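Note that the protein sequences, when read in sequence, are chains X and E. Residue numbers for the first sequence follow the numbering used here, so the first one is 11 and each next one is one higher. Residue numbers for the second sequence follow the numbering used here, so the first one is 11 and each next one is one higher. In this text, a Cβ means the ideal position worked out from N, Cα and C, and glycines have one as well. Predicted model only: the values in this text are computed from it and were never measured.
There are 2 protein chains.
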Amino acid sequence: MADASFVLASAMKNIAAEVDQQFDALLEIPDDPRADLYRAMRHAAIGGGKRLRPLLVHATAALYGVKPEQSLRVGTAIECIHVYSLIHDDLPAMDDDDMRRGKPTVHREFDEATAVLAGDCLHALAFEILAHEATHRDSHVRAELVFELARAAGPAGMAGGQMMDLKAEGATFDLPTVTRLQAMKTGALISCSVESGAILGRIPPEARTGIRGYAHDIGLAFQIADDIIDVEGNEELAGKKLRKDGDAGKETFLSLLGLERAREQAKMLVEQAIEHLRDFGDEADLLRDIARFTLARNH
Amino acid sequence: MADASFVLASAMKNIAAEVDQQFDALLEIPDDPRADLYRAMRHAAIGGGKRLRPLLVHATAALYGVKPEQSLRVGTAIECIHVYSLIHDDLPAMDDDDMRRGKPTVHREFDEATAVLAGDCLHALAFEILAHEATHRDSHVRAELVFELARAAGPAGMAGGQMMDLKAEGATFDLPTVTRLQAMKTGALISCSVESGAILGRIPPEARTGIRGYAHDIGLAFQIADDIIDVEGNEELAGKKLRKDGDAGKETFLSLLGLERAREQAKMLVEQAIEHLRDFGDEADLLRDIARFTLARNH
Numbered sequence: 011m012a013d014a015s016f017v018l019a020s021a022m023k024n025i026a027a028e029v030d031q032q033f034d035a036l037l038e039i040p041d042d043p044r045a046d047l048y049r050a051m052r053h054a055a056i057g058g059g060k061r062l063r064p065l066l067v068h069a070t071a072a073l074y075g076v077k078p079e080q081s082l083r084v085g086t087a088i089e090c091i092h093v094y095s096l097i098h099d100d101l102p103a104m105d106d107d108d109m110r111r112g113k114p115t116v117h118r119e120f121d122e123a124t125a126v127l128a129g130d131c132l133h134a135l136a137f138e139i140l141a142h143e144a145t146h147r148d149s150h151v152r153a154e155l156v157f158e159l160a161r162a163a164g165p166a167g168m169a170g171g172q173m174m175d176l177k178a179e180g181a182t183f184d185l186p187t188v189t190r191l192q193a194m195k196t197g198a199l200i201s202c203s204v205e206s207g208a209i210l211g212r213i214p215p216e217a218r219t220g221i222r223g224y225a226h227d228i229g230l231a232f233q234i235a236d237d238i239i240d241v242e243g244n245e246e247l248a249g250k251k252l253r254k255d256g257d258a259g260k261e262t263f264l265s266l267l268g269l270e271r272a273r274e275q276a277k278m279l280v281e282q283a284i285e286h287l288r289d290f291g292d293e294a295d296l297l298r299d300i301a302r303f304t305l306a307r308n309h
Numbered sequence: 011m012a013d014a015s016f017v018l019a020s021a022m023k024n025i026a027a028e029v030d031q032q033f034d035a036l037l038e039i040p041d042d043p044r045a046d047l048y049r050a051m052r053h054a055a056i057g058g059g060k061r062l063r064p065l066l067v068h069a070t071a072a073l074y075g076v077k078p079e080q081s082l083r084v085g086t087a088i089e090c091i092h093v094y095s096l097i098h099d100d101l102p103a104m105d106d107d108d109m110r111r112g113k114p115t116v117h118r119e120f121d122e123a124t125a126v127l128a129g130d131c132l133h134a135l136a137f138e139i140l141a142h143e144a145t146h147r148d149s150h151v152r153a154e155l156v157f158e159l160a161r162a163a164g165p166a167g168m169a170g171g172q173m174m175d176l177k178a179e180g181a182t183f184d185l186p187t188v189t190r191l192q193a194m195k196t197g198a199l200i201s202c203s204v205e206s207g208a209i210l211g212r213i214p215p216e217a218r219t220g221i222r223g224y225a226h227d228i229g230l231a232f233q234i235a236d237d238i239i240d241v242e243g244n245e246e247l248a249g250k251k252l253r254k255d256g257d258a259g260k261e262t263f264l265s266l267l268g269l270e271r272a273r274e275q276a277k278m279l280v281e282q283a284i285e286h287l288r289d290f291g292d293e294a295d296l297l298r299d300i301a302r303f304t305l306a307r308n309h
């Protein structure tokens, strides 16, 4: 965490602990034949990850004076979607990964059937959390949150991007196609996190232009940084297998732009993201720190 | 369809055509690398199944004067969940089925990765449909529909029941455990369909006792009938492999009760379901016909 500012580092630490707490309470292991299902969800959901999405909900919602417990619930719901997607992406039929966040993947620790179902359960839980009255007393806010997350998770968002990624193997995607793929695969959920902060703050869509631009730019910068870490990173630090895209012959930002131009592009995106926040004062410093962190991180 | 009353037969035919139309419009194949993902969703979602869940939403909502286009949207959303669960249940790591509704299963027609993602996409689509303003202008109704469906689909409902079912292999579940398993695995979504009709009709929870009892009873009757079809049925008519539970050594209503008592039990449940509708007049005749049909059907 030497890369993160002190404010960011402490915000990340707090959010990580709070999200863990939420999952711990949500996923109490029942004394019946579903115990392994809950163990599998806990294995994937608790104690790992940067919790970037809950952090983004928190930091954006804080701009508008939203209660922290509300942004935490929404952040946890979005993290449910993120975690389910990791479980399913790691399956043998998909990316076939054995390690994730420094631990065996769910299908390795349990089995494939349990991994499929644990992912499906976290998927449903996300919407149960959002639709619950505790998330916001205004049902319009809850319905809007559900709509945003469902779109971001589905065929026009994350899952659609994952399908494009599967087809990338052996194909020769050009830069606009790779950009679109990544905007869907990882960008949609990052944008949804920021958008959800604004929804919680009851900010009308026409007043969300700045933070939408911010989310779009850090989403791409985050992915370029991921591509760089995939090539230059340390597997132990990353907690997962690296250098898989090159082995699979997939085009990435790095393969298309080269290391130097990819780095410049990411730096430019971070500056542009920060520029999108120009109308905000120091209440947006956490968002600015997050933008810088997308690039400075080493895993 | 010789078993169904004329009114029921024509309602089933109409609903089936309308649900197909909804899926056809929702799942237009894009001209990009996601085309197979949409083809896979269409393969699973269009042109098959009894559409029992959309029919139940329709028949319950009609009791309360809900507009047919609203119950159709909600029925389609619930059918998205049902179809996604069939795709995932058929996977090699789960029930490993090659045929479904008389066609190859999604992972056989496409591949496993596409099947996982097609299921995930239909899962997300369900909530996108419910949260959309077109489903109901009152956001409170939309949020309530999302909450009910998410609970019915997740670890306390369908997916939890599926996990119990996986553990049933080789275990010796008793009748209460099998009843609970089935109430979760198939009952939760059937109950949710009926409950959603009442939510659309803005019927307060305390006035839903009758239709809740109805839903509970037909859910169990439906499952007992399924167990009987699994043993006595015709594979061609069923469009899928039968007699798998016995081969896998799973306890079912049939193995625990024997054929005669299972039949009696199902008949009793259907009568009880109809009795739960005693406060309604002939506006509930379609629901009564559906109750009788759960047992009379041959596939």
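{"Asked": "Runs of alpha helix (DSSP H) wholly within the segment 151–203 of chain E (minimum 4 residues, chain order)", "Found": "168–178, 185–192"}
{"Asked": "Near-chain X residues of the segment 134–159 of chain E (beta-carbon distance less than 7 angstroms), N- to C-terminal order", "Found": "ALA134, LEU135, PHE137, GLU138, ALA141, HIS142, SER149, HIS150, ARG152, ALA153, VAL156, PHE157"}
{"Asked": "CB contact below 7 angstroms: ILE103 (chain X) versus chain E", "Found": "The amino acid at residue 103 (chain X) is misidentified as Ile; the sequence shows Ala. Taking Cβ atoms only, chain E reaches closer than 7 angstroms to ALA103 (chain X), which makes this a yes."}
{"Asked": "Buried versus exposed, by CB contacts within 10 Å (16 or more), ALA258 (chain X)", "Found": "exposed"}
{"Asked": "In DSSP terms, what MET22 (chain E) is bridged to", "Found": "DSSP output for MET22 (chain E) lists no bridge partner at all."}
{"Asked": "Within-7 angstroms CB hit, GLN192 (chain E) to chain X", "Found": "no"}
{"Asked": "Contact under 7 angstroms by Cβ, GLY220 (chain X) with ASP289 (chain X)", "Found": "yes"}
{"Asked": "Near-chain E residues of the segment 38–64 of chain X - C-beta to any C-beta below 8 angstroms", "Found": "ASP42, PRO43, ARG44, ASP46, LEU47, TYR48, MET51"}
{"Asked": "Own chain residues within Cβ distance below 8 angstroms of LYS159 (chain X), not counting five before or after", "Found": "The sequence shown places Leu at residue 159 (chain X), not Lys. Once the five neighbours on either side are set aside, the close Cβ partners of LEU159 (chain X) are ALA87, ILE88, ILE91, ALA136, PHE137, LEU140, CYS202, SER206."}
{"Asked": "Contact set for ALA119 (chain E): own chain, Cβ-Cβ below 8 angstroms, skip 5 residues either direction", "Found": "For the sequence presented, residue 119 (chain E) should be read as Glu rather than Ala. So the qualifying residues of the chain are ALA50, HIS53, LYS113."}
{"Asked": "Nearest-angstrom Cα separation, counted from GLY59 (chain E) out to ALA248 (chain E)", "Found": "10 angstroms"}
{"Asked": "Which of helix, strand or coil DSSP assigns to MET104 (chain X)", "Found": "coil"}
{"Asked": "CB contact check: ALA169 (chain X) to chain E, cutoff 7 angstroms", "Found": "yes"}
{"Asked": "GLU310 (chain E) classed as buried or exposed, judged by whether at least 16 other C-beta atoms fall within 10 angstroms", "Found": "Since the first residue shown for chain E is 11 and the last is 309, residue 310 (chain E) is missing from the structure and cannot be characterised."}
{"Asked": "Helix, strand or coil at ARG44 (chain X) according to DSSP, with G and I counted as helix", "Found": "coil"}
{"Asked": "Other residues of its chain near LEU132 (chain E): CB distance less than 8 angstroms, five sequence neighbours each side excluded", "Found": "MET51, ALA54, ALA55, CYS90, ILE91, VAL93, TYR94, ILE97"}
{"Asked": "Cross-chain neighbours of LEU127 (chain X) in chain E, by beta carbon under 7 angstroms", "Found": "ALA169, GLN172, MET173"}
{"Asked": "Cβ-based contacts, 7 angstroms cut-off: residues of the segment 72–96 of chain X near chain E", "Found": "none"}
{"Asked": "Proximity test, Cβ basis, 7 angstroms: ALA314 (chain E) and chain X", "Found": "Limits of chain E in this structure are 11 at one end and 309 at the other, which puts residue 314 (chain E) out of reach."}
{"Asked": "Assumed close pair LEU47 (chain E), ALA128 (chain E) - CB separation to whole angstroms, cut-off 8 angstroms", "Found": "6 angstroms"}
{"Asked": "GLY167 (chain X) versus X:THR189, X:ASP106, X:ALA144, residue with shortest Cα-Cα distance", "Found": "X:THR189"}
{"Asked": "Cβ neighbours of ALA12 (chain X) in the same chain (closer than 6 angstroms, five flanking residues each side left out)", "Found": "Here ALA12 (chain X) scores only 45 on pLDDT, less than 50, and its place in the model should not be relied on; the value that follows carries that caveat. Excluding positions up to five away in sequence, the list is empty."}
{"Asked": "From X:HIS226, X:ALA283, X:LYS177, residue whose alpha carbon lies closest to that of THR262 (chain X)", "Found": "X:LYS177"}
{"Asked": "Local Cβ density within 10 Å of GLU285 (chain E), reported as buried at 16 or more and exposed below that", "Found": "exposed"}
{"Asked": "Bridge-paired residues (DSSP) for ARG110 (chain X)", "Found": "X:LYS113"}
{"Asked": "Top-ranked residue by Cα proximity to VAL126 (chain E), from X:THR115, X:ARG147, X:VAL151, X:ASP100", "Found": "X:ASP100"}
{"Asked": "Start-to-end residues for the alpha helix (DSSP H) that takes in PRO215 (chain E)", "Found": "From DSSP, PRO215 (chain E) is part of no alpha helix (DSSP H); its letter is neither H nor E."}
{"Asked": "THR145 (chain E) - DSSP class collapsed to helix/strand/coil", "Found": "coil"}
{"Asked": "Rounded C-alpha distance that separates PRO214 (chain X) from GLU143 (chain E)", "Found": "16 angstroms"}
{"Asked": "Min CB distance ASP106 (chain X) to chain E below 7 angstroms", "Found": "no"}
{"Asked": "Same chain, Cβ closer than 7 angstroms to LEU65 (chain X), neighbours up to 5 away in sequence not counted", "Found": "ALA21, MET22, ILE25, ILE300"}
{"Asked": "Neighbourhood of ALA272 (chain X) by C-beta distance below 6 angstroms, restricted to the same chain and skipping five residues each side", "Found": "ILE234, PHE263, LEU264"}
{"Asked": "Residue interval of the alpha helix (DSSP H) (run including GLU285 (chain E))", "Found": "269–285"}
{"Asked": "Three-state class that DSSP yields for LYS260 (chain X) in the structure shown", "Found": "coil"}
{"Asked": "Rounded straight-line distance, which links the Cα of GLU274 (chain X) to that of ALA208 (chain E)", "Found": "57 angstroms"}
{"Asked": "Delimiting residues of the alpha helix (DSSP H) encompassing PHE303 (chain E)", "Found": "295–306"}
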